[in-house]
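Heads up: the sequence shown is residues 710 to 997, going by the working numbering.
In this text, a Cβ means the ideal position worked out from N, Cα and C, and glycines have one as well.
This report refers to the structure that appears directly beneath it.
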Amino acid sequence: VVTGQIVVTYVPGPPPPLIGTITQSLVGLSFLAAGIAAWLRWPASRLGLLFTITGYLWLLPNLGHLPYALPFTIGNLTAPVYGAALANLALAWPTGRLRSRFEVGVVVANYAWNIGQSFISMFFWNPRTNCGPGCPANLLMIDGSRSAENVLGLISIPVGLALTVTVLALIVRHWRTARGWTRRAMVPLLWIAPAICALSAVQTVAENTSLPLFASTTAGNLLYGYLPLILLAGPALFVASTLLARTARGAVGTAIVDMETGAPPGQLRDALARALGVKPMNLMETIR
Numbered sequence: 710v711v712t713g714q715i716v717v718t719y720v721p722g723p724p725p726p727l728i729g730t731i732t733q734s735l736v737g738l739s740f741l742a743a744g745i746a747a748w749l750r751w752p753a754s755r756l757g758l759l760f761t762i763t764g765y766l767w768l769l770p771n772l773g774h775l776p777y778a779l780p781f782t783i784g785n786l787t788a789p790v791y792g793a794a795l796a797n798l799a800l801a802w803p804t805g806r807l808r809s810r811f812e813v814g815v816v817v818a819n820y821a822w823n824i825g826q827s828f829i830s831m832f833f834w835n836p837r838t839n840c841g842p843g844c845p846a847n848l849l850m851i852d853g854s855r856s857a858e859n860v861l862g863l864i865s866i867p868v869g870l871a872l873t874v875t876v877l878a879l880i881v882r883h884w885r886t887a888r889g890w891t892r893r894a895m896v897p898l899l900w901i902a903p904a905i906c907a908l909s910a911v912q913t914v915a916e917n918t919s920l921p922l923f924a925s926t927t928a929g930n931l932l933y934g935y936l937p938l939i940l941l942a943g944p945a946l947f948v949a950s951t952l953l954a955r956t957a958r959g960a961v962g963t964a965i966v967d968m969e970t971g972a973p974p975g976q977l978r979d980a981l982a983r984a985l986g987v988k989p990m991n992l993m994e995t996i997r
């Protein structure tokens, strides 16, 4: 460093695994695509915003692969924040809004914990101990103390698991109390959420312990390369449901146009039921 000047030095670091790069790109782009679909389908809903925020926060940690200290620090600092955005999206599904002050508190707690825990852990994380002397510097490191980092990691496990279980319990509660269209819209989330929460729990344990089970390259590729592909199911099912909703709307419109003038209410009910693919007796429940 020369006085009055900034010297940028290229420091080569280990390249990310190919499967990790593919997974990061596919998942991030899928959430952004679902965000666009949500904006187009329901412009007044917050779903598009929540999908988009999750996609950007998922992609932001890729800055950590750049061979410079500043993007490396930002990328690693923001790595866990997408989890809070994902919880926010799940709790707001399918209307785009949270249902109670308690859920607002859970979402705020998720963001506060993910950001705060990551920020504090960066004070004690020396990247040279993980990826060698080729890694860029951690600009937030105050003391590269492994003991402090380990203590923080042990605290992170129960807190992270508690937040994950709380979010999952609220999702199940939403589904049990929902009716009609809302209940059907939550079925894909109900199937996906336990798998994603389980993955999050295992990753939390892996990142904050030194168990030999998670130390191998194979385990790392599985946890951060292959298993996160399950996140693709959320945006994919949302886009599919959006297309089905448009198809159903077109079918209902066609049924109404084809009705004879002055048709009795029973005939109208039967036509709408056929268009929606439900039994006439279940039509009102479907519409709700």
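Would you say the beta carbon of residue i is closer than 7 angstroms to some non-hydrogen atom of the ligand HEM?
i	result
residue 905	As far as ligands go, the structure on display features none, and thus does not contain the ligand HEM.
To the nearest angstrom, how far is it from the Cα of residue i to the Cα of residue j?
i	j	result
residue 869	residue 913	7 angstroms
residue 891	residue 863	39 angstroms
residue 753	residue 832	41 angstroms
residue 775	residue 908	27 angstroms
residue 798	residue 750	17 angstroms
residue 948	residue 898	13 angstroms
residue 934	residue 786	20 angstroms
residue 726	residue 889	44 angstroms
residue 834	residue 819	22 angstroms
residue 851	residue 822	20 angstroms
residue 860	residue 910	18 angstroms
residue 945	residue 854	43 angstroms
residue 857	residue 729	29 angstroms
residue 917	residue 837	17 angstroms
residue 882	residue 950	22 angstroms
residue 844	residue 893	48 angstroms
residue 748	residue 803	13 angstroms
residue 880	residue 769	27 angstroms
residue 811	residue 927	40 angstroms
residue 824	residue 796	14 angstroms
residue 742	residue 788	21 angstroms
Exposed or buried, which one is residue i when buried takes at least 16 other CB atoms within 10 Å?
i	result
residue 839	exposed
residue 865	buried
residue 920	exposed
residue 878	exposed
residue 759	buried
residue 873	buried
residue 925	exposed
residue 809	exposed
residue 871	exposed
residue 740	buried
residue 886	exposed
Residues in the same chain with beta-carbon distance under 6 angstroms from residue i, minus the five sequence neighbours each way, listed in chain order, please.
i	result
residue 766	790, 791, 794
residue 772	780, 783, 784
residue 755	805
residue 826	865
residue 906	873, 877
Whose C-beta lies closer than 7 angstroms to the C-beta of residue i among residues of the same chain, with five residues either side of it excluded?
i	result
residue 807	800, 801, 813, 816
residue 744	757, 760, 761, 764
residue 931	none
residue 942	901
residue 956	Bear in mind that a pLDDT of 48 at residue 956, under 50, signals an unreliable position, so the model cannot answer this.
residue 848	778, 779, 782
residue 884	892, 895, 899
residue 904	939
residue 830	858, 861
Give every residue of the same chain whose Cβ lies closer than 8 angstroms to the Cβ of residue i, excluding the five residues on either side of it in the sequence, and list them in chain order.
i	result
residue 875	815
residue 732	933, 934, 935, 937, 938
Below 8 angstroms, can you find three or more Cβ-Cβ pairs linking the segment 733-744 to the segment 931-941? Yes, they touch.
Which ranges would you report for the alpha helix (DSSP H) in the segment 772-805 if only whole runs of at least 4 residues count? For the segment 772-805, whole alpha helix (DSSP H) runs of length 4 or above, ordered along the chain, are 778-786, 790-801.
Starting from the N-terminal side, write out each stretch of the alpha helix (DSSP H) that is 4 residues or longer and does not extend beyond the segment 894-945. Inside the segment 894-945, DSSP marks whole alpha helix (DSSP H) runs of 4 or more residues at positions 926-930, from first to last along the chain.
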